[in-house]
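**Q** In the working numbering, the protein residues as written are 61 to 165.
Here it is, the structure in full.
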């Protein structure tokens with residue numbers, strides 16, 4: 061990763077209604093945990109519905125980050141690589157993927 065990032069997009073393949081009913085509170089706790097785990101680099105997040113009705117989570121960082129290590133730690137924190145910290149979307153037969161970096165100018 062050669063350029064710094066200040067925004068991550070997480071694409072979660074579940075309908076927004078299901079997200080709001082079952083998973084939004086869990087994810088909010090997870091993001092707060094990730095913020096402290098990543099030295100308060102996570103500033104805030106916004107949830108929007110995508111064109112196909114799924115959930116997009118925009119995670120804003122408190123300052124631009126230029127490290128691939130940050131990306132790996134963020135995925136670890138959300139639970140993609142570690143069961144103990146898992147945001148257990150697998151039980152709903154889905155998993156959110158970090159699909160895009162938004163680059164700072």
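Every residue, glycine too, gets a C-beta built ideally from N, C-alpha and C.
What you are looking at is a predicted structure, and each value in this text was computed from that prediction instead of being measured.
1. I think residue 119 touches residue 67, with their Cβ atoms under 8 Å apart; what is that distance to the nearest whole Å?
2. For the alpha helix (DSSP H) that contains residue 108, what are its first and last residues?
3. Does residue 71 come out as helix, strand or coil in the three-state DSSP assignment?
4. Please report the residue range of the beta strand (DSSP E) in which residue 121 lies.
5. Less than 6 Å between C-beta atoms, sequence neighbours within five positions excluded: which residues of the same chain meet that for residue 76?
6. Between residue 137 and residue 97, is the Cβ-Cβ spacing less than 9 Å?
7. Please report the residue range of the alpha helix (DSSP H) in which residue 88 lies.
8. Between residue 103 and residue 122, which are expected to be in contact by the criterion C-beta below 8 Å, what is the C-beta distance as a whole number of angstroms?
9. Between the alpha carbons of residue 87 and residue 135, how many angstroms are there, rounded?
**A** Straight from the coordinates:
1. In the chain shown, residue 119 corresponds to position 59, counting from 1. In the chain shown, residue 67 corresponds to position 7, counting from 1. That pair is a contact at about 7 Å.
2. Counting from 1 along the chain shown, the entry for residue 108 is found at position 48. Element bounds for residue 108: not the alpha helix (DSSP H) but the beta strand (DSSP E), 102 to 109.
3. As a working note, residue 71 is residue 11 in the chain shown. Of the three classes helix, strand and coil, the one that applies to residue 71 here is strand, per DSSP.
4. In the chain shown, the residue the question calls residue 121 occupies position 61. Counting along the chain, the beta strand (DSSP E) containing residue 121 begins and ends at 114 to 125.
5. The residue you call residue 76 lines up with position 16 of the chain shown. Within the same chain, residue 76 has close Cβ partners 109 and 115.
6. In the chain shown, the residue the question calls residue 137 occupies position 77. In the chain shown, the residue the question calls residue 97 occupies position 37. Closer than 9 Å, so yes.
7. What you label residue 88 is simply residue 28 of the chain shown in a count that begins at 1. Note, residue 88: alpha helix (DSSP H), 84 to 97.
8. The residue labelled residue 103 in the question sits at position 43 within the chain shown. The residue labelled residue 122 in the question sits at position 62 within the chain shown. Contact flag correct, Cβ pair sits at about 4 Å.
9. Here the question's residue 87 lines up with position 27 in the chain shown. Here the question's residue 135 lines up with position 75 in the chain shown. So the two alpha carbons sit approximately 13 Å from each other.
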